[in-house]
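In terms of UniProt numbering, the sequence shown has 9 at position 9, counting the first letter as 1, and numbering is strictly consecutive.
We treat Cβ as the ideally placed atom computed from N, Cα and C, and that holds for glycine.
Computed from a predicted structure; not experimentally measured.
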Amino acid sequence: MAPVPQEPVSLLLLPALQLPSTPASLKSSYRSTLEALLPKLIQPNSQTISRLDIAIVLSPSYPVTQSISRTAIFPLLQTLLAQTYSLVCSVGALTKVDLDFPGGLDVRIFALEPRNEALSSSIIGKQTLSGPLVDIQTFVSASRPYNAIYSVEGETAEAHLKSVITAWQSRQGAVAPPLQRLPSGPAIAHPGGSASPYADDGPVEVHKSVAVGGTFDHLHIGHKLLLTATVLLAEPSSPASSQDKKPRHITVGITGDDLLVNKKYGSVVESWSTRQERTAEFVESILVFHTDSNSIKKTEYINEPGPNGKVVRVTYGDDISINYTEIIDPFGPTITDESITALVISGETRAGGKAVNDKRKEKGWKELEVFEVDVLDAGAGLDDSEIGDKQEKQNFESKISSTEIRRRLHEAQTSASG
Ligand SMILES: *[C@@H]1O[C@H](CO)[C@@H](O)[C@H](O)[C@H]1NC(C)=O
1 MAPVPQEPVS LLLLPALQLP STPASLKSSY RSTLEALLPK LIQPNSQTIS RLDIAIVLSP
61 SYPVTQSISR TAIFPLLQTL LAQTYSLVCS VGALTKVDLD FPGGLDVRIF ALEPRNEALS
121 SSIIGKQTLS GPLVDIQTFV SASRPYNAIY SVEGETAEAH LKSVITAWQS RQGAVAPPLQ
181 RLPSGPAIAH PGGSASPYAD DGPVEVHKSV AVGGTFDHLH IGHKLLLTAT VLLAEPSSPA
241 SSQDKKPRHI TVGITGDDLL VNKKYGSVVE SWSTRQERTA EFVESILVFH TDSNSIKKTE
301 YINEPGPNGK VVRVTYGDDI SINYTEIIDP FGPTITDESI TALVISGETR AGGKAVNDKR
361 KEKGWKELEV FEVDVLDAGA GLDDSEIGDK QEKQNFESKI SSTEIRRRLH EAQTSASG
């Protein structure tokens, strides 16, 4: 099946809350924002999937990103991503907006660092391969073709909006897209919440080669969270120092077609190449903030005999390469490539991390550091009365289930042909 047409793309600038941020405070602040926005963006009964990029602008309670490793900031940012994606799912369910389905929305989340004064001038505007976390200047320089920018009411959001618009207009001949402000609710004050929840636990290992695995069938928010967290973890080389130029590697293991034939609604499982292409397109959209990404991109199709021999290898500049590898067992390259040092998993696949490390120990290899992303709470931000009946609950969960997406596609096909 060809990927569904994608357009138009909108941007929502959302100020991150002060830490500690809980699902309840996020709901209080932004549920009304998303309720107003999501239904406006879709084209129901069409094949179009509209895209919404949510740029979360870090608040002063986050450590300045230039002064902290990705390993150290990982827990805070994965929580931020997971909570925001969860709220999107909940609001999608309540407002009957489909996610990652024709006639619905494709939501992608990344983070912006607004504190220029705390960054060295050698990186401002130059973090073209540092997504999903870049400075505002870099973000704007990427000239993404947004047809609308949404922001929320309030002083902080206005200040962010001003930085973005100013940067936009300083580009030669560029006209900023139309703006619109949306309502937001009050943040919940947390008693004693002014202390930074980020504890400096001393030196941590920095990761230059990270891995993730999955089926990635009909890419949905659960996959997006996992992939975004993986890209986040791979430590960018600092443009400020010529020392550390070690390139980064990301290994994305994608289950081979043979292992999926017995899946439910197997006739609408996407082929390995479709899953690989859609995964790569998503990864690029959260990693690369370059004006002309095609000019720095190289794609190789490798097909060698033996396990993990089929690879689509995408390289951006000399800074990062990504292997999209066909896997035929639960381990993939994690037990054939010693240079990998970290593995990103979801809470549901914790056992897989242990199995990988048992095998590596047997080989006398260093174990992988395992990073876990939260299981999405599709009922996040909803009252008990709203998730009261079973139907509603299923409605949330269907947004993050490939099986459910396949069931609906299967049914649509059957009714069209019969
Ligand atoms: C990626 O794939 C290439 C080609 O198969 C291989 O040489 C390399 O070791 C793989 N892994 C990494 C981390 O680059």
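With distances taken between CA atoms, Arg108 lies nearest to Leu219 out of Leu219, Val375, Ser237 and Ser398. Taking C-beta atoms as the reference points, Ser184 and Ser29 count as a pair closer than 7 Å. Separation of the CB atoms of Ala148 and Pro177 is rounded to 5 Å, and the pair is thereby assigned contact status at 8 Å. In chain order, Trp272, Glu326, Ile327 and Ile328 place their CB closer than 7 Å to the CB of Gly256, counting only its own chain and leaving out the 5 sequence neighbours on each side.
Around the C-beta of Asn303, fewer than 16 other C-beta atoms lie within 10 Å, and the residue is accordingly described as exposed. Leaving aside the five residues that flank Ala16 on each side, the residues in its chain whose CB is nearer than 7 Å to its CB run, in chain order, Ile56, Val57, Leu58, Ser59, Tyr62 and Leu80.
Residue pairing by DSSP places Pro60 in no beta bridge whatsoever.
Leu232 sits close to Arg70, with the two beta carbons spaced by under 7 Å. Shown here, Ala229 sits in a helix according to DSSP, grouped into three states.
Close CB contacts of Leu37 within its chain, under the 7 Å cut and outside five residues either way in sequence, are with Leu12, Tyr150 and Leu182 (chain order). With contacts defined as CB atoms closer than 7 Å, Leu34 and Gln83 fail to qualify as a contacting pair. Residues Asn303 and Glu326 of the same chain have their beta carbon placed closer than 6 Å to that of Lys310, with the five preceding and five following residues left out of the count.
Ser295 carries a helical assignment under DSSP once its states are collapsed to helix, strand and coil. Rounded to whole angstroms, the gap between the alpha carbons of Asp135 and Gly125 is 7 Å. Cβ atoms of Val373 and Ala229 come within 8 Å of each other, at about 5 Å. According to DSSP, Thr33 shares a beta bridge with no other residue.
Under the three-state reduction of DSSP output, Val268 falls in the helix class. Look at Thr251 here: in three-state DSSP terms it is strand. Non-local beta-carbon contacts of Ala72 in its own chain, meaning distances under 7 Å to residues more than five positions away in sequence, involve Val204 in chain order. In the structure shown, the three-state DSSP call for Ile109 is strand. Look at Arg171 here: in three-state DSSP terms it is coil, with no helix or strand label. Under DSSP, no beta-bridge partner is assigned to Val97. Around the beta carbon of Ser237, 16 or more other beta carbons sit within 10 angstroms, so the residue counts as buried. Within the same chain, Cβ atoms closer than 6 Å to the Cβ of Gln18 are found at Ser59 and Ser61, the five residues on either side in sequence being excluded. Its Cα nearest to that of Gly253, the residue Phe216 stands out among Ala118, Leu260 and Phe216. In the structure shown, the three-state DSSP call for Tyr85 is helix.
With 16 or more neighbouring CB atoms inside 10 Å of its own CB, Thr334 falls in the buried class. Close CB contacts of Ala118 within its chain, under the 6 Å cut and outside five residues either way in sequence, are with Val64 (chain order).
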